[in-house]
Every structure is written in structure tokens, then in C-alpha cells.
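Input: a single structure, listed below in C-alpha cells.
Numbering (my numbering), first residue to last: 27 to 150.
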């Protein structure tokens with residue numbers, strides 16, 4: 027992602043399209059994304075129709091902060107709210123990281139799982 031540029035001055039989200047292959051995913055908490063032709067159509071924890079997971083890895087420009095301000099006017103001051111706002115304008119794209127390691131760390135248990143996994147990699 028570091029080598030990518032934001033050609034549309036919006037946001038680029040790393041997504042995992044390998045649904046069900048990552049044992050670190052908490053299906054109760056993961057943010058789901060519906061993508062068509064590398065453009066975000068929908069994003070949220072509760073969406074039913076999705077084809078990938080939000081990894082939490084973003085490349086974004088300052089427009090994201092403006093988008094969050096706009097979405098907060100309607101009561102959604104979340105990161106996903108800002109992404110939804112940009113998606114409506116065609117400024118939210120994705121890049122697939124299928125097969126690469128990622129994990130969502132929300133609590134000490136998740137942190138320990140990731141720490142153990144990464145420790146095992148360095149030992150082997």
C-alpha cells in the first residue's frame with residue numbers, strides 16, 4: 027500500500043476477500059465490505075450482503091476527516107461513516123491482501139493471539 031497513490035484523493039482500504047480462511051476474525055465484530063470493481067459499495071459490521079472484510083489498514087487523504095464531519099451531522103461519527111460518505115462520491119477504493127496475515131486487535135485477548143502467532147513465526 028505504501029507504493030500506491032490516492033489518484034482520487036479519497037481512501038484506499040486493504041480488504042480480505044478470502045472469507046472464512048482467517049482464524050483471527052471475530053465474526054461478531056468484523057467490519058464487512060461490499061466491493062464492486064475495487065470500489066466500496068457498502069461497509070459496516072451488520073451488513074448482510076458482503077464479499078470481503080475490512081482489515082483496518084487504510085491509505086487516506088485529508089478528505090476522510092471532512093467526510094467524517096459530514097457523516098457526523100447525520101449522527102454517524104465513525105470511521106465507517108466517513109468511508110460510506112466517500113463511497114457515495116466514488117472516492118473509496120480497495121486493494122486486496124488475500125493470503126497475507128492481518129488481525130483485528132480490539133482487546134488484550136486479540137493482542138495475545140497476534141503476539142503468539144508472530145512469535146511462532148520468528149522462532150521457526
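Every residue gets a Cβ at the ideal spot worked out from N, C-alpha and C, and that includes glycine.
- Residue 114: member of the alpha helix (DSSP H) spanning 105-114, first to last residue.
- Burial check for residue 145: the Cβ neighbour count within 10 Å stays below 16, so the residue is exposed.
- With respect to residue 37, residue 81 sits apart: the two C-beta atoms are not nearer than 9 Å.
- A check of alpha carbon separations from residue 43 across 88, 126, 142 and 134 identifies 126 as the nearest.
- Between residue 66 and the set 137, 141, 113 and 147, the nearest pair of CA atoms involves 113.
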